[in-house]
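When we follow this note's numbering, the leftmost residue of the sequence shown carries the number -3, and every step to the right adds one. We put the beta carbon where it would ideally sit given N, CA and C, even for glycine. Bear in mind that the values here come from a model prediction, so they are computed numbers and not experimental data. In what follows, a structure is listed as structure tokens, so that the remarks can point back to it.
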Amino acid sequence: MLKKFRFYKIRGLAWLLILILGLTAGCRVNSGHPGVMAGGAVEARSVMSFTVSTEDPASSRFQVVFRYEGVQGRDVELKMPAWSPGYYRILNFAANVEDFKAEDGNGRVLTWEKSSENTWKIKTGGTRVLKTSYKVVAKGQGVAESQLTEKRAYISPTGVFMFVAGRLNHPVRVTVRPHEKFTRISTGLAPVLDEENTFQAENFDELYDCPIYIGNQEVLTFNVAGLPYELAVEEPKDFNREETISVLKRMILAATGVVGEVPYNRYVFIMMGPGRGGLEHRNSMAVFSGLPRVEDRRSLQGWLSFIAHEFFHLYNVKAIRPVALGPFDYERENRTNMLWFSEGGTVYYEYLILKRAGFMNREEILNTLSRIIDRVENSPARKMESAAQASHRAWEEPFFGSEKTISYYDLGAVLTMLLDLKLRHETGAQRNLDDLMKLLYRRFYREQGRGFTDGEFRAACEEVAGTDLSEFFKYVYTTESIDYDKYLGYAGLKLEVTPGENGRRSYSIKLADEIDGSQLRLLNSWL
Ligand SMILES: [Zn+2]
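Laid out in structure tokens, this is it:
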């Protein structure tokens, strides 16, 4: 809903200005898809559009054509992003580009040079219409990379669509030419009415946040609270459609209930068959995932916690986000100390969402949290780096920890649990982590349209707690040992530690020997 509102607001402003300029010049206003320049001035008839062909799967290459009308200046720099937001790794997508060509509106060849690893600098020769074409090698394996095979065309947009330097805010259209055997297109991009296989984005940030899946997927549609959802399944086979949708509906209600506002007007689940990994977006997710046997509780929990994780990211990291994570610099690392909260906090919410949706009970959650604590405390890197340091170094380290780096997913989930317990304890179980999420969403995303600094995040936590949280943030920024019994004790729980082999210890959350009324109230309010 917010997206739609902003879209019409910007387009409306552009049209108003064009109308004024057109009337001033005493000429007829051209129709088109106008661009708004920085500072609000209008570049009349400035249009950017891509055509991407997936017609030759045998080549494993997309053929891309970019048309830019309303070019100004002697040079245009086209840039290919170096990474995909959510996948914190430099992937150098420019290396997949082949056969780059540039011409003007009359088909005259324009000269160009590679002015950096990811920049194509074109001499315009004064043309107003620039047309470039290039191929993109699409042999990726993961969700942040593109693939073109006989089975699927998966467009990970940051690796396929170049942007004009300084013009990321420009509206853009994409027309897809599917291979003759592909019948469906699934994407969070808005379709352009009356133009087949054509989609539009308000700007390149939106384009880069919308993967496009082209293939023969089965598409199931359903509604939750009046909003439409699509479930695109690459390998449908014999899964229980009715039950899977029912499960998703319950997950969606629990997840959107945390903040209480839904910031999209449509959501698309892209399920690309078995494999590993998923990537979150504002109104879609692309995941490699088999489908669950819904009647098998463990199978369902494993699948649904993964899906709930990617889904909840539409709040935690896309909307509620550290200042470094949007708007993005697509050409280099965007570092933050706070992936422990953006990722680890999202892991923690997986289990709360499953509990609230009725798919996990208290014992199962405590067992899961025990296993996470066990991994953290037995990690050889536990005393080598803090959660904040691990977040900052994410770009160079294995995603899920190693001998030398602590997993900010695991440690972040543990820290977020401590924070939730602390907020509940300090407020007599009147407030909790959900209140913090609501505050961050409203204050920074809705009211200011930006992310928060480390200091602003801490101030928001202390505002909800109503007290100083120095001890908690010491756990975030140092490797100091955590006093688990103190925090778990707020809920009448304790951490049982048992020595094992080779110096390992096993950790398990248990009920404390004695529990009073306020502890029980807190435990019941929590799980
Ligand atoms: Zn994640």
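Along the alpha helix (DSSP H) that carries glycine 269, what are the first and last residues, could you check? Here residue 269 refers to the residue found at position 273 of the sequence shown. No alpha helix (DSSP H) contains glycine 269, which is instead part of the beta strand (DSSP E) from 269 to 276.
Aspartate 205: which of His277, Gly354 and Leu417 sits nearest, CA to CA? Here residue 205 corresponds to residue number 209 of the sequence shown, with the count starting at 1. If we check each option's Cα against that of aspartate 205, His277 comes out closest.
For leucine 12, count the other beta carbons within 10 Å of its own beta carbon; 16 or more makes it buried, fewer makes it exposed. Which is it? Numbered from its first residue, the sequence shown carries residue 12 at position 16. The predicted model places leucine 12 with a pLDDT of 39, which falls under 50 and marks its position as unreliable; any figure quoted below should be read in that light. Exposed is the call here.
Buried versus exposed, by CB contacts within 10 Å (16 or more), tryptophan 108: As a position in the sequence shown, residue 108 is number 112, starting the count at 1. Result: buried.
For glutamine 196, the three-state DSSP class (helix, strand or coil): To locate residue 196, count along the sequence shown from 1; it is residue 200. DSSP places glutamine 196 in strand when its eight states are reduced to three.
Find out if the Cβ-Cβ distance for the pair valine 215, arginine 180 is shorter than 9 Å. Reading the sequence shown from its first residue, position 219 is the one you call residue 215. Reading the sequence shown from its first residue, position 184 is the one you call residue 180. In contact: valine 215 and arginine 180 (Cβ atoms closer than 9 Å).
Nearer than 8 Å: is that true of the beta carbon of glycine 103 relative to any heavy atom of ligand 1? Along the sequence shown, one-based indexing puts residue 103 at 107. Glycine 103 Cβ: outside cutoff for every heavy atom of ligand 1.
For arginine 289, tell me which candidate among Pro232, Gly66, Thr449 and Gly138 has the shortest Cα-Cα distance. The residue labelled residue 289 in the question sits at position 293 within the sequence shown. Closest option to arginine 289, Cα to Cα, is Pro232.
Would you mind sorting aspartate 481 into buried or exposed? The rule is 16 or more other CB atoms within 10 Å of its CB. Along the sequence shown, one-based indexing puts residue 481 at 485. It is exposed - the Cβ of aspartate 481 has fewer than 16 other Cβ atoms within 10 Å.
Just curious, the beta strand (DSSP E) that glutamine 59 is in, first and last residue? Start at 1 with the first residue of the sequence shown, and residue 59 comes out as number 63. Unbroken beta strand (DSSP E) run through glutamine 59: 57 to 65.
For asparagine 577: DSSP bridge partner residues: Past the boundaries of the shown model lies residue 577; the chain is included only from -3 to 523, so the question cannot be answered.
Residues bridged to glycine 211 [DSSP beta-bridge criterion]: One-based indexing of the sequence shown puts residue 211 at position 215. Answer is Arg180, bridged to glycine 211.
Apart from the five residues just before and just after asparagine 92, which ones in its own chain have a Cβ nearer than 6 Å to its Cβ? Translated into positions along the sequence shown, residue 92 becomes position 96. If we look at asparagine 92 and ignore the five residues flanking it on each side, its Cβ neighbours are Val132 and Val133.
Selected residue, minimal CA-CA separation from methionine 44, among Ala197, Glu65 and Ala54: Along the sequence shown, read from residue 1 onward, the residue named residue 44 stands at position 48. Here the closest residue by C-alpha is Glu65.
Relative to the alpha-carbon of alanine 304, which residue among Gly184, Ser280 and Lys506 has its alpha-carbon at the smallest distance? As a working mapping, residue 304 is identified with position 308 in the sequence shown. That would be Ser280, whose Cα lies nearest to the Cα of alanine 304.
Let's see if you can read the secondary structure: which residues bound the beta strand (DSSP E) around valine 372? To locate residue 372, count along the sequence shown from 1; it is residue 376. Looking at the DSSP string, valine 372 is not in any beta strand (DSSP E); the run it does join, the alpha helix (DSSP H), is 358 to 374.
With a cut-off of 8 Å, do at least 3 Cβ pairs link the segment 159 to 169 to the segment 191 to 203? yes
Whole angstroms is fine: what's the gap from methionine 380's alpha carbon to alanine 386's? Against the sequence shown, residue 380 aligns to sequence position 384. Against the sequence shown, residue 386 aligns to sequence position 390. Cα-Cα distance, rounded: 9 Å.
Closer than 8 Å is the cut-off here; do at least three beta carbon pairs connect the segment 45 to 59 with the segment 69 to 78? no
Could you pull out every residue in the same chain whose Cβ sits closer than 8 Å to the Cβ of arginine 454, ignoring the five residues on either side in sequence? One-based indexing of the sequence shown puts residue 454 at position 458. Answer for arginine 454: Leu465 and Phe469, listed in chain order.
Between serine 474 and the rest of its own chain, which residues show a CB-CB distance below 8 Å, the 5 nearest in sequence each way excluded? To locate residue 474, count along the sequence shown from 1; it is residue 478. Checking the displayed sequence, the identity of residue 474 turns out to be threonine instead of serine. Around threonine 474: Ser382.
Can the beta-carbon of methionine 268 be found less than 9 Å from the beta-carbon of alanine 251? Locating residue 268 in the sequence shown gives position 272, counting from the first residue. Locating residue 251 in the sequence shown gives position 255, counting from the first residue. Not closer than 9 Å, so no.
Please check the pair leucine 435 and alanine 456, which I expect to be a contact at CB under 8 Å, by giving their CB distance rounded to whole angstroms. In the sequence shown, the residue the question calls residue 435 occupies position 439. In the sequence shown, the residue the question calls residue 456 occupies position 460. Their Cβ separation, rounded to whole angstroms, is 5 Å, which keeps leucine 435 and alanine 456 in contact under 8 Å.
Would you list the one or two residues that DSSP bridges to tyrosine 263? Taking the first residue of the sequence shown as 1, we reach residue 263 at position 267. DSSP lists Tyr225 as partners of tyrosine 263.
Between glycine 253 and leucine 348, what straight-line distance do the alpha-carbon atoms span, to the nearest angstrom? In the sequence shown, counting from the first residue as 1, residue 253 sits at position 257. In the sequence shown, counting from the first residue as 1, residue 348 sits at position 352. Going by the C-alpha atoms only, they are around 11 Å apart.
Residue of Arg500, Ala508 and Tyr486 minimising C-alpha distance to serine 514: Counting from 1 along the sequence shown, the entry for residue 514 is found at position 518. Answer by Cα proximity: Tyr486.
Sort Ser502, Lys418, Thr120 and Leu106 by Cα distance to leucine 518 and report the nearest one. The sequence position of residue 518 within the sequence shown is 522, counting from 1. When only C-alpha atoms are compared, the closest one is Lys418.
Measuring alpha carbon to alpha carbon, tell me which residue in Gln297, Asp190, Thr128 and Glu327 is nearest asparagine 114. Along the sequence shown, one-based indexing puts residue 114 at 118. Nearest of Gln297, Asp190, Thr128 and Glu327 to asparagine 114, Cα basis: Glu327.
Quick one: is alanine 221 buried, meaning 16 or more other Cβ sit within 10 Å of its Cβ, or exposed? Along the sequence shown, one-based indexing puts residue 221 at 225. Exposed.
Can you look up serine 285 in the DSSP assignment and give me helix, strand or coil? Locating residue 285 in the sequence shown gives position 289, counting from the first residue. In the structure shown, serine 285 sits in a strand (DSSP, three-state: E or B).
Any chance the segment 254 to 268 sits against the segment 303 to 319, with 3 or more Cβ pairs inside 8 Å? yes
Leucine 522 burial status per 10 Å Cβ neighbour count (16 or more: buried): In the sequence shown, counting from the first residue as 1, residue 522 sits at position 526. One detail in the question is off: residue 522 reads as tryptophan in this sequence, not leucine. Buried.
Go ahead and pull the three-state DSSP assignment for lysine 117. Against the sequence shown, residue 117 aligns to sequence position 121. Looking at lysine 117 - three-state DSSP - the assignment turns out to be strand.
Excluding the 5 residues preceding and the 5 following leucine 432 in the sequence, name in chain order all residues of the same chain whose CB lies nearer than 8 Å to its CB. Looking up residue 432 in the sequence shown gives position 436. Cβ within range, chain order: Leu415, Leu419, Ala456, Cys457 and Val460.
Taking 8 Å as the cut-off, does the CB of glycine 162 come closer than this to any heavy atom belonging to ligand 1? Counting from 1 along the sequence shown, the entry for residue 162 is found at position 166. Not so, every heavy atom of ligand 1 lies at least 8 Å from the Cβ.
Compute the distance between the beta-carbons of arginine 577 and alanine 353, then report whether it is under 9 Å. Nothing can be reported for residue 577: it is not among the residues displayed for the chain, which extend from -3 to 523.
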